[in-house]
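Residue numbers for the sequence shown follow UniProt numbering, so the first one is 1 and each next one is one higher. Backbone N, C-alpha and C define an ideal beta-carbon position, used for all residues, glycine too. Some notes on the structure that comes next.
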Amino acid sequence: EGNPYTWWVGKANEKHYYWGGSGPGIQKCACGIERNCTDPKYYCNCDADYKQWRKDTGMLSYKEHLPVSQVVVGDVDRPGSEAKISVGPVRCQGDRNYWNAASFVTSSSYLHFSTFQGETSADISFYFKTSASDGVFLENLGNTDFIKLELKSATEVSFSFDVGNGPVEIVVRSPNQLNDDQWHRVNAERNVKQASLQVDQLPLEVRKAPTEGHTRLELYSQLYVGAAGGQRGFLGCIRSLRMNGVTLDLEERAKVTPGVKPGCSGHCTSYGMYCANGGKCVEKYNGYSCDCSKTAYDGPFCIKDVGAFFEEGMWLRYNFHSPGTSMKDLVSRTLLSSADPEITAPDLNLNKEELSFSFSTTKSPCVLLYISSYTQDFMAVLVKPSGNLQIRYSLGGTKEPYNIDVDHRNMANGQPHTVNITRNGRDIVLQLDHYPPTSYSLPAASDIQFNSPKALFLGKVIEIGKIDQDIYKYNTPGFTGCLSRVQFNQIAPLKAALRPTNASSHVHIQGELVESNCGASPLTIPPMSAATDPWHLDSVSLLLQHQSFNSLFTASADFPYNGQAIGDGVNRNSAIIGGVIAVVIFTILCTLVFLIRYMFRHKGTYHTNEAKGAESAESADAAIMNNDPNFTETIDESKKEWLI
């Protein structure tokens, strides 16, 4: 019904259902596009589920979705099914000088190069970024001839030259500001027939050359980049400057030129939004990077979940101060406070907390997370025996902890769930998965400060002193399942345990911690009903489907025995009813056999498998799309022809 069991996750942490050789929005492999799959009923070779190995392969080339960060493979928990999955390396191609850049920090600074040789043909392209309203990009002079590119105003770029017939100027006017500190591309060309100028994707401005007169551009001075004699120079960045196919090395020349810096600061202004989940954009010499150190994520864009699988009895403790740290040092270096300076309290009492994590489990009850203190204050997130979630706060001032019970769904169903809890004073906001946030409030008698936090526990609470009675009961045997992207304010305990960081000394682990992202993106595909599930025990026929796309996966499972002992009387009645049903079914089958033999003495039948519109389509994929706007081909079983 269009719900894939297998997908991959790309750059923006989004699921994608197309595969190598296909394209975005098309839930097919290459053979589905070319209409040559092993079984024409399916759109991938592996879906045929033959006993012989079948392969689907191809390149993923939609740049905005790359790189592949994870592959999720379902439909594996059954006998006789194997899949081999592999993802090749990301290959980038293009001009290695694309980021060769220079920053002009004073209006009188410039770079100089040898004379531009463009007598009959000039092809100049570059990118610029500025907050200034005008400035000269480059200029080269002769006795009377010249060539110049400049930003004339915040919305105008000018290309002017003189080959001896008088000055010619071409101006492109932009409807938007060009001094917005974003990258803009300029492309100027001149030959003996015409000259043109284009900025970004704006319309190309063209000027025809005169039919008579001079055609050669004769220059003698050096080429100046960033300024011109007696005129206001350019303030900002220029990169990837190419003149007649040659990229000028702006960075090397900038290293020995006063007022010009190699590289270009301000990459984060243009690309900082790609650092996700609280990652910090860091300027680099010729680009930028994302600092994920204060997040629960990893990877170049801080979008890779960091998590681990907990076996029964395992636990992790994160001490909010390392062994031997004095309270005075702890005050100055603590990460407990969030980025908000109002949260930083010299006595380590928190008025605000932000907690987020993802988990999956099938066991209840259990303790997911517990934060202890040097006082009686604590915070806990539990799964109750019913499978429902409970958040428990005890900040003092009340006899019993304040409980938030989420009773509308079972969280111990094996699927990944996300939990986000934010407290600001007395106000608490809870969000589960993609449900709308729900607001709660601590009782009026409750304190609003979390006093002297001590440690954070995952999976089980191993703490000295008195523990809440319910938490003590839920503590045995402990959490079994997956936890990922755990973050409390600026602390990421699982990441500290799995990645060597300065905070790793704060972590103590009982058991072997196995890294896993736990499929942290909440499952959006509803489970199939028994009536439509081909693997349900009561299915009459087992139609094997196989999806095979990446690392070696083997799967086997035995059907559980769900029967119960039945009394003798019930068995006797069941036998009588079964005998009657068997006789009726046998009679119906005999009648059907007779009718079929009679019909096929007089008629032959066949049905066609061609998609509608295939004859008139320009390509195979066009036929697919013409046949069904949702790119889902079906064979119309009612399309039959009878031969008499």
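(message) Using a 10 Å radius around the Cβ and a threshold of 16 neighbouring Cβ atoms, would you call VAL367 buried or exposed?
(response) buried
(request) Identify whether PHE310 lies in helix, strand or coil by the three-state DSSP scheme. (result) strand
(request) Just tell me which of PHE359, LEU395 and THR375 has its CA closest to the CA of LEU389. (result) PHE359
(request) Classify TYR393 as helix, strand or coil using the three-state DSSP reduction. (result) strand
(request) Given a cut-off of 7 Å, decide if ASN165 and HIS112 are closer than it, judged by their beta-carbon atoms. (result) no
(message) Whole angstroms are fine: how far does the CA of GLU353 sit from the CA of MET528?
(response) Low per-residue confidence applies at MET528: pLDDT is 41, beneath 50, and the placement is therefore not dependable, though the value from the model is reported in the following sentence. Answer to the nearest angstrom: the Cα atoms are 39 Å apart.
(message) What ranges does the alpha helix (DSSP H) occupy inside the segment 224-269, keeping only unbroken runs of at least 4 residues that lie completely in it?
(response) 250-254
(request) Starting from GLY25, trace the beta strand (DSSP E) both ways and give me its first and last residue. (result) That residue, GLY25, is in no beta strand (DSSP E); it is neither H nor E in DSSP.
(message) Count Cβ pairs between the segment 258-268 and the segment 145-155 that sit closer than 8 Å; are there 3 or more?
(response) no
(request) Could you tell me which of THR476, CYS268 and ALA444 sits nearest to GLU311, measuring between CA atoms? (result) Closest option to GLU311, Cα to Cα, is THR476.
(message) Restricting to Cα atoms, I'd like to know which of LEU350, LEU355 and PRO365 is closest to ASP377.
(response) LEU350
(message) Rounded to whole angstroms, what is the Cα-Cα separation between PHE126 and SER86?
(response) Rounded to the nearest angstrom, the gap between the Cα atoms of PHE126 and SER86 is 39 Å.
(message) I'd like the span of the beta strand (DSSP E) that includes LYS495, first residue to last.
(response) Looking at the DSSP string, LYS495 is not in any beta strand (DSSP E); the run it does join, the alpha helix (DSSP H), is 493-498.
(request) Using DSSP bridges, identify the partner residues of ASP427. (result) ASN424 and SER441
(request) Would you grab the beta carbon distance between VAL406 and LEU369 for me? Rounded to a whole angstrom, and I think it's under 8 Å. (result) The pair is not a contact, with the Cβ atoms about 15 Å apart (cut-off 8 Å).
(message) Taking 7 Å as the threshold (C-beta atoms), are PRO443 and THR398 in contact?
(response) yes
(request) Scan the segment 455-494 and note each continuous beta strand (DSSP E) run of 3 residues or more that stays entirely inside, going in chain order. (result) 481-488
(request) Could you check what DSSP says for residue 656 in three-state terms: helix, strand or coil? (result) Past the edges of the chain, shown from 1 to 644, lies residue 656, and the structure says nothing about it.
(message) Could you tell me the alpha carbon to alpha carbon distance between THR38 and VAL68, rounded to whole angstroms?
(response) 26 Å
(message) Distance check for GLY25 and ILE33, CA to CA, integer angstroms please.
(response) 12 Å
(request) Put CYS590 into one of helix, strand or coil per three-state DSSP. (result) helix
(request) Could you round the C-beta distance between LYS460 and PHE479 to whole angstroms and report it? I think they count as a contact, below 8 Å. (result) Contact between LYS460 and PHE479 holds, with the beta-carbon distance rounding to 7 Å and staying under 8 Å.
(request) Please work out which residues of its chain come closer than 8 Å, Cβ to Cβ, to SER22, disregarding the five sequence neighbours upstream and downstream, and give them in chain order. (result) LYS28, CYS29, ALA30, GLY32, ILE33 and GLY58
(request) Could you check what DSSP says for MET379 in three-state terms: helix, strand or coil? (result) If DSSP states are grouped into helix, strand and coil, MET379 belongs with the strands.
(request) Tell me where the beta strand (DSSP E) around ALA29 begins and ends. (result) Reading the sequence as shown, one finds Cys at residue 29 and not Ala. CYS29: not part of any beta strand (DSSP E); DSSP gives it neither H nor E.
(message) Can you give me the C-alpha to C-alpha distance between residue 646 and ASP56, rounded to a whole angstrom?
(response) Residue numbering for the chain in the displayed model covers 1 to 644; residue 646 lies beyond these limits and cannot be assessed.
(message) Using a 10 Å radius around the Cβ and a threshold of 16 neighbouring Cβ atoms, would you call ASN176 buried or exposed?
(response) exposed
(request) Figure out for me which residue from LYS454, SER446 and THR6 has the closest Cα to the Cα of GLY74. (result) Of the candidates LYS454, SER446 and THR6, the one whose C-alpha sits nearest the C-alpha of GLY74 is THR6.
(request) Label ALA445 either buried or exposed according to how many other C-beta atoms from any shown protein chain fall within 10 Å of its C-beta, with 16 as the threshold for buried. (result) exposed
(request) For TYR271, name the three-state secondary structure that DSSP assigns. (result) helix
(request) Identify every residue that forms a DSSP beta bridge with LEU151. (result) GLY135 and VAL157
(request) Consult DSSP for ILE303 and reduce its assignment to one of helix, strand or coil. (result) coil
(message) For ILE509, report the span of its beta strand (DSSP E) as first-last.
(response) 507-510
(request) Buried or exposed for SER364, please, with buried defined as at least 16 other CB atoms from any protein chain shown within 10 angstroms of its CB. (result) Label assigned to SER364: buried.
(request) Under 6 Å Cβ to Cβ from LYS495, same chain only, skipping five residues before and after it: list those, please. (result) ALA296 and VAL306
(request) For VAL206, I'd like the list of residues in its chain whose CB is within less than 7 Å of its CB, leaving aside the five on either flank, ordered along the chain. (result) GLN194 and SER196
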